[in-house]
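Encoded as structure tokens, the structure appears first; notes follow it.
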Amino acid sequence: MVIEHAGALDRRSVVARLLQDRDGGMLVVSGLGSPSYDVYAAGDHEGNYYLWGAMGAASLVGLGLAQAQVDRTVVVVTGDGEQLMGLGGLATVAIAAPPNLVIVVLDNGHYGETGMQRSHTGFGLDIASVARAVGFADVRTIVDQAQVEEMAFSIREAASGPRFYAVKIRADILPRSLPPRDAVYGKNRLRMHLGFEVT
Amino acid sequence: MSYVPDAGHARLIELFLQDPAVVANVLTTEEEGVAIAAGAWLGGQRSVLLMQSSGVGNCINMLSLAKVGHFPLLMLVTMRGEWAEFNSWQVPMGLATEPALAAIGVTTMRSNTPQELLATVASAVRLAFDADQQVAVIISQRLLGAKEW
Numbered sequence: 008m009v010i011e012h013a014g015a016l017d018r019r020s021v022v023a024r025l026l027q028d029r030d031g032g033m034l035v036v037s038g039l040g041s042p043s044y045d046v047y048a049a050g051d052h053e054g055n056y057y058l059w060g061a062m063g064a065a066s067l068v069g070l071g072l073a074q075a076q077v078d079r080t081v082v083v084v085t086g087d088g089e090q091l092m093g094l095g096g097l098a099t100v101a102i103a104a105p106p107n108l109v110i111v112v113l114d115n116g117h118y119g120e121t122g123m124q125r126s127h128t129g130f131g132l133d134i135a136s137v138a139r140a141v142g143f144a145d146v147r148t149i150v151d152q153a154q155v156e157e158m159a160f161s162i163r164e165a166a167s168g169p170r171f172y173a174v175k176i177r178a179d180i181l182p183r184s185l186p187p188r189d190a191v192y193g194k195n196r197l198r199m200h201l202g203f204e205v206t
Numbered sequence: 003m004s005y006v007p008d009a010g011h012a013r014l015i016e017l018f019l020q021d022p023a024v025v026a027n028v029l030t031t032e033e034e035g036v037a038i039a040a041g042a043w044l045g046g047q048r049s050v051l052l053m054q055s056s057g058v059g060n061c062i063n064m065l066s067l068a069k070v071g072h073f074p075l076l077m078l079v080t081m082r083g084e085w086a087e088f089n090s091w092q093v094p095m096g097l098a099t100e101p102a103l104a105a106i107g108v109t110t111m112r113s114n115t116p117q118e119l120l121a122t123v124a125s126a127v128r129l130a131f132d133a134d135q136q137v138a139v140i141i142s143q144r145l146l147g148a149k150e151w
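If you read the protein sequences in the order shown, they are chains L and P. When the letters of the first sequence are read in order and numbered with our numbering, they come out as residues 8 to 206. When the letters of the second sequence are read in order and numbered with our numbering, they come out as residues 3 to 151.
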């Protein structure tokens, strides 16, 4: 069944391509629901932090991490619904302007976890325009594989400010690929990965 | 640090903004600061969150992140809606501030005098960052003085 008001790209293959042969310094924060499953399906990594709740947090956790780890690229992978709950957070990120933060919104126009109800983007809101309006340095809408390749290349390059990519994916319901839900484990694992003692 | 401005925090915000060792984030809503603090800690940095009591209500679900991850969290909350408050709109959230924080499991430490506040903040810093607790220092409206209008 093809669900309308969505894009054409396959979310799993987009995220897998994005994180393929990732630089050892890259850190990834995933938003609750399918983006966390997509990131885990692409291969678990000590530099990943998977959110299972706190809707609207992903980009801001990414901001705090990017400000604390200025020499590493922090990639936030989240969904349209999760980012819509934190639209104001995009303004906060843009004003903070960390050049090492990349926000990737997997936009299927729907709330996949709760029964595929249409989201604001499914009703026509262009979330990339929101990011552009609040002042992101580089904003792109990704609709085909060639643009996915460009995005995968771009996130490995230095930038002058925060980047925002809205990736138009199909509204598929895929087999779940569940990362650990233990938020303390994830925290300690990432901090150890960065060389901090866990006490 | 991150903040939504409040008159009671004005001087502290100014001091933070002038300090080159501090990264300051202005927020659109207080809950953003809870998430920023978690991210900062993941990256090895301490963060403090400044807000007025009305902002506590905006934070409640986001505090799940700090609670479930045992992320150190230090909130400095200036009170409205209590001592000599003139604006009735401030009162409901003022009444709910400490019960709401207690309901989600954040430790509250109230200060009524400047001397008490200094010791309380020092204590809250240790509780948050050494014991991985979520702590809100409640700065009473009596300490700040009633808002002049």
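We put the CB at the ideal spot given by N, CA and C, even for glycine.
Spatial neighbours of G193 of chain L in its own chain (CB-CB distance under 7 angstroms, excluding positions within 5 residues in sequence) are listed in chain order as Y56, Y57 and P187.
Ranked by how close their Cα comes to the Cα of M53 of chain P, the residues P:V24, P:E34, P:A102 and P:T80 have P:T80 in first place. Near chain L, meaning a CB-to-CB distance below 9 angstroms, the residues of the segment 31 to 61 of chain P are T31, E33, E34, G35, V36, A37, I38, A39, A40, G41, A42, W43, L44, G45, G46, Q47 and S49. If you look at Q117 of chain P, you'll find it in the alpha helix (DSSP H) that goes P116 to F131. D8 of chain P has its alpha-carbon roughly 46 angstroms from the corresponding atom of D17 of chain L. With fewer than 16 other CB atoms across the displayed protein chains lying within 10 angstroms of its CB, T206 of chain L is exposed. Think of a sphere of 9 angstroms around the beta carbon of N114 of chain P: no beta carbon from chain L falls inside it, the nearest being about 32 angstroms out. With a cutoff of 7 angstroms on beta-carbon distance, L76 of chain P and A130 of chain P are scored as near each other.
Within a 10 Å sphere around the beta-carbon of V93 of chain P sit fewer than 16 other beta-carbons, which makes this residue exposed. Around R198 of chain L, the beta-carbon contacts reaching into chain P at under 9 angstroms are W43, L44, G45 and G46. The shortest C-alpha to C-alpha distance from G142 of chain L to any of L:Q154, L:M123 and L:P106 is the one to L:P106.
When DSSP reads this structure, M53 of chain P sits in a beta bridge with P:V79. The bridge partners DSSP lists for Q124 of chain L are L:Y118. Around G35 of chain P, the same chain offers S4, L29 and L51 as residues with beta carbons nearer than 6 angstroms, after the five sequence neighbours per side are excluded. Identification of chain P residues near G60 of chain L by a Cβ-Cβ cut-off of 9 angstroms yields N63, S66, L67 and V70, ordered along the chain.
Identification of residues in the segment 67 to 101 of chain P having a C-beta nearer than 8 angstroms to some C-beta of chain L yields L67, V70, G71, H72 and F73, given in sequence order.
The Cβ neighbour count for V81 of chain L, taken over all protein chains shown within 10 Å, is at least 16; the residue is labelled buried.
Judged by beta-carbon spacing, D114 of chain L lies within the 7 angstroms limit of T128 of chain L, meaning their Cβ atoms are closer than that value.
The distance from the Cβ of G41 of chain P to that of F203 of chain L is about 14 angstroms, inconsistent with a contact at the 8 angstroms cut-off. The CB of Q90 of chain L never comes closer than 9 angstroms to any CB in chain P; the least such distance is about 13 angstroms.
A distance below 7 angstroms separates the beta carbons of M95 of chain P and S55 of chain P. D145 of chain L is bridged by DSSP to L:R170.
The beta-bridge partner set that DSSP reports for S37 of chain L consists of L:Y57 and L:V84. Taking 8 angstroms as the upper bound for CB-CB distance, G57 of chain P and E32 of chain P are in contact here, some 3 angstroms apart. Take A159 of chain L, set aside five residues on each side of it, and the residues of its chain with a beta-carbon closer than 6 angstroms to its own are R24 and L25, in chain order. Fewer than three Cβ pairs drawn from the segment 45 to 54 of chain L and the segment 66 to 73 of chain L lie within less than 8 angstroms of each other, which leaves the two stretches out of contact.
L29 of chain P has a beta carbon lying within less than 7 angstroms of a beta carbon in chain L. The continuous stretches of beta strand (DSSP E) do not include S161 of chain L, which lies in the alpha helix (DSSP H) extending over residues Q152 to S161. Each residue's CA atom was taken as its position, placing A37 of chain P and M33 of chain L some 20 angstroms apart. For chain L, the residues of the segment 11 to 25 of chain P that bring a beta carbon within less than 9 angstroms of one of its beta carbons are V25, in chain order. In the displayed model, A138 of chain L falls within a helix according to three-state DSSP. Looking at the backbone, the Cα of G54 of chain L and that of V83 of chain L are separated by about 12 angstroms.
Less than 7 angstroms divides the Cβ of L97 of chain L from the Cβ of A138 of chain L.
From the beta-carbon of L67 of chain L, the residues of chain P found nearer than 7 angstroms are E34, A37, I38 and G41.
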